[in-house]
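Colleague:
Chains as they are written, first to last, in the working numbering: chain A, 1 to 128; chain B, 129 to 704.
(1) Distance check for residue 600 of chain B and residue 647 of chain B, CA to CA, integer angstroms please.
(2) Residue 59 of chain A CB to nearest chain B CB: under 9 Å?
(3) For the alpha helix (DSSP H) that contains residue 389 of chain B, what are its first and last residues?
(4) Is residue 622 of chain B helix, strand or coil when you go by DSSP?
(5) Which residues, in chain order, does the region 531 to 544 of chain B contribute to contact with chain A at a C-beta distance below 7 Å?
(6) In terms of alpha-carbon separation, which member of B:631, B:652, B:546 lies closest to residue 592 of chain B?
(7) Are any of the Cβ atoms in chain A nearer than 9 Å to that of residue 170 of chain B?
(8) What does residue 54 of chain A touch in chain B if you count any residue whose Cβ is under 9 Å from its own?
(9) Taking residue 86 of chain A as the query, report the chain B residues whose CB atoms sit under 9 Å from its CB, ordered along the chain.
(10) Alpha helix (DSSP H) containing residue 499 of chain B: first to last residue?
(11) Could you check what DSSP says for residue 647 of chain B in three-state terms: helix, strand or coil?
(12) Please list, in chain order, the chain A residues whose beta carbon lies closer than 7 Å to that of residue 202 of chain B.
(13) Taking its Cβ as the centre, do 16 or more other Cβ atoms sit within 10 Å of residue 276 of chain B, making it buried, or is it exposed?
(14) Using a Cβ-Cβ cutoff of less than 6 Å, which residues in the same chain neighbour residue 605 of chain B once the five nearest sequence positions on both sides are dropped?
(15) Against chain A, does residue 161 of chain B count as a neighbour if the rule is that its beta carbon must be under 9 Å from one of theirs?
(16) If contact means a Cβ-Cβ distance below 7 Å, which residues of the region 357 to 370 of chain B contact chain A?
(17) Per DSSP, what kind of secondary structure is residue 459 of chain B in: helix, strand or coil?
(18) Threshold first: 3 residues or longer. Then list the beta strand (DSSP E) segments lying entirely within the region 265 to 293 of chain B, N to C.
(19) Would you say residue 363 of chain B and residue 384 of chain B are within 9 Å of each other, going by their C-beta atoms?
(20) For the region 664 to 679 of chain B against the region 555 to 574 of chain B, do three or more pairs of beta-carbon atoms, one drawn from each stretch, fall closer than 8 Å, so that the two count as touching?
(21) Whose C-beta lies closer than 7 Å to the C-beta of residue 393 of chain B among residues of the same chain, with five residues either side of it excluded?
(22) Going by C-alpha to C-alpha distance, which of B:326, B:236, B:242 sits closest to residue 334 of chain B?
(23) Exposed or buried, what is residue 36 of chain A when buried is set at 16 or more other beta-carbons lying within 10 Å of its beta-carbon?
(24) If we ignore side chains and look at the alpha-carbon of each, how far apart do residue 101 of chain A and residue 189 of chain B end up?
(25) Would a check of beta-carbon distances place residue 157 of chain B closer than 9 Å to chain A?
(26) Closer than 8 Å is the cut-off here; do at least three beta carbon pairs connect the region 630 to 643 of chain B with the region 660 to 670 of chain B?
(27) Would you list the one or two residues that DSSP bridges to residue 419 of chain B?
(28) Are residue 532 of chain B and residue 403 of chain B close, meaning C-beta to C-beta below 9 Å?
(29) Check each candidate in B:212, B:632, B:297, B:315 and name the one with the smallest Cα separation from residue 259 of chain B.
(30) Mapping DSSP to helix, strand and coil, what is residue 515 of chain B?
(31) What's the C-alpha gap between residue 522 of chain B and residue 391 of chain B?
(32) Ignore the nearest five residues each way along the sequence and tell me which others in residue 437 of chain B's own chain have a CB closer than 7 Å to its CB.
(33) Please state if the CB of residue 642 of chain B and the CB of residue 656 of chain B are separated by a distance shorter than 9 Å.
(34) Using a Cβ cut-off of 9 Å (strictly closer), state whether residue 46 of chain A contacts chain E.
(35) Closer than 9 Å, CB to CB, is residue 70 of chain A near chain B or not?
(36) Is residue 5 of chain A buried or exposed, if buried means 16 or more other CB atoms sit within 10 Å of its CB?
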């Protein structure tokens, strides 16, 4: 067992699960999307991105790019949420929630690709 | 035949630096992100209260804002509400954590910047980029020792570009210190590595040749082989200190092999035969603008004493014997300066220096050469003393000890290589000079000084064909164009240009210093010496039909030369 691989896999999967946790639920219902979960997803995604730095293989490059996409989308979601929650008067509405959640849905897709890559890498490694 | 493929250098070598930074910064960046996230989260969860005393947490956004300006030590101090004790405790902890995080991250980055491997990767990246962007022809110099340095300086003066590769760090940084006019990329590495040679531009479109002047023969041989196998069309000039290696190099069709020790013998032979030829040779192979070197008096003919290491002493003495001299060889055991059999009394006695006419100190150590000369001078003050000066910086010592003729191998190499690179035709001319006799050479030197002045002239070649001389094509039948006419001044045809014709090459035959009545034919190649101004004038004669008709036939347009410039029709009429 390789500790580096454990840490790497842990963060990649955790990034996807947190992202999924935030995304799941009715798109426009602010009650169903906890902002702390979004915060955790952003942080874990950033860590996963940094962990993928400096890998020269083709697979490593695709890993890094999917992570960059996910982080970018989640940060966009966080910024949009901050704007609606703090800069706009009144409580957050259904349309505003839907915008934030759909941005995180895009990130979820990138995270799924990441996980698929992880699985492909693992499987092809064992075959050798 | 398809060209053999060059080793792939790919992006992995050139972008190694970026990857190294990213990989080394992984842990510090993760630590920083975790610290920041924990601080923000903790601050947003700490119980707080607003101005009226109602419980009010800070929220993620406000915490993020607060931590951003605190962690980066900007410290605005703007708060939504005053902190409670719990919040203050958390902020204290967060400040210390973030200081540690930043110190760690910046420290890692700084130590990475000072890391040797990283800097080398960066340097290599910059080097690769510079070489790839070269648009002009350039030479690949392998090794950056004394000879290379002199060669590089002359090349730079002539406006030629070059790339240096050497395996010593001090020498590579020396390239930068020597500050050339044009950018001279230098790479640290072993030239025996074909990948590095490719990086240095072996496969580059505008690479014009390879010059291997490294200190050890093995590297030079390897470079010569690599080049002739991968880029057979490129000229290679390699240095070698031994005959065996030189033979192996020639087997690979190396263009030219320069053996400095071998050349020492050759130079002595030329000098013995004709001091003027030697003077001419040295002058023409030095960089343009060099002053005319002094001419040696005739060397004494009689018994010579040669003092050198085993094989080399023998070679040198056989060179001298070929010139009809009587030679005594004294062996000095290699390397050891204070060897018992090598002490001065032994040398003086076994060589009978007291009644010799000349003494040659030709070991590979300057210290040995110096004390040999000193001993010889004491035994026989009248003898002509020749010494091999291995290091150029030791030249004052040799002058002080009273050497009559000293040869610096580095200088010889630089001269020879430069002459071959600058003008391949010069090498078809020079070897024939000593055979023309001392009087001929002396006359040629006088003529050169008379026409071109006291500093070394520019040398160039012209080929009389459709491409090189389009204005002369109808006259090149071998009967109607005299050499003297071609060299008339386009400004005033009663005067001649300050140009000396060194040689005429026709159908593989060579005429040394052809006389002015020579008839020129299509396909002739001339080796010329002169000033740049006259070179430009001659080019005009050869390429512009109106100028040619004035220079060769004296046909003037009545309105004068200036007026003809304004009326293009007239000049065309004068041409046909």
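Virtual Cβ for every residue (Gly too), placed ideally from N, Cα, C.
Just so you know, these numbers come straight off a predicted model, no measurement behind them.
Modeller: So, from the data block:
(1) 13 Å
(2) The beta carbon of residue 59 of chain A sits no closer than 9 Å to any beta carbon of chain B.
(3) For residue 389 of chain B, the uninterrupted alpha helix (DSSP H) run begins and ends at 388 to 401, by DSSP.
(4) Coil.
(5) none
(6) Comparing Cα-Cα distances from residue 592 of chain B to each of B:631, B:652, B:546, the minimum goes to B:652.
(7) no
(8) Within 9 Å Cβ-Cβ: 146, 147, 148, 149, 150, 151, 152, 153, 154.
(9) One finds 187, 189, 190 in chain B with Cβ atoms closer than 9 Å to the Cβ of residue 86 of chain A, taken in chain order.
(10) 494 to 507
(11) The answer is strand: DSSP assigns residue 647 of chain B an E or B state.
(12) Simply none; closest approach about 19 Å.
(13) Its Cβ being crowded by 16 or more others within 10 Å, residue 276 of chain B is buried.
(14) The answer is none, since no qualifying residue turns up.
(15) yes
(16) none
(17) strand
(18) Listed in chain order, they are 266 to 270.
(19) The answer is yes: Cβ separation under 9 Å.
(20) No: fewer than three Cβ pairs fall under 8 Å.
(21) 443, 444, 447
(22) Shortest Cα-Cα distance from residue 334 of chain B to any of B:326, B:236, B:242 involves B:326.
(23) Its Cβ having fewer than 16 others within 10 Å, residue 36 of chain A is exposed.
(24) 18 Å
(25) yes
(26) no
(27) B:583
(28) no
(29) B:315
(30) strand
(31) Distance between the alpha carbons of residue 522 of chain B and residue 391 of chain B: 20 Å.
(32) 460, 462, 491, 492
(33) No.
(34) Note that chain E does not occur in the displayed structure, where the protein chains are A and B.
(35) Not closer than 9 Å to any Cβ of chain B, the Cβ of residue 70 of chain A fails to qualify, so no.
(36) exposed
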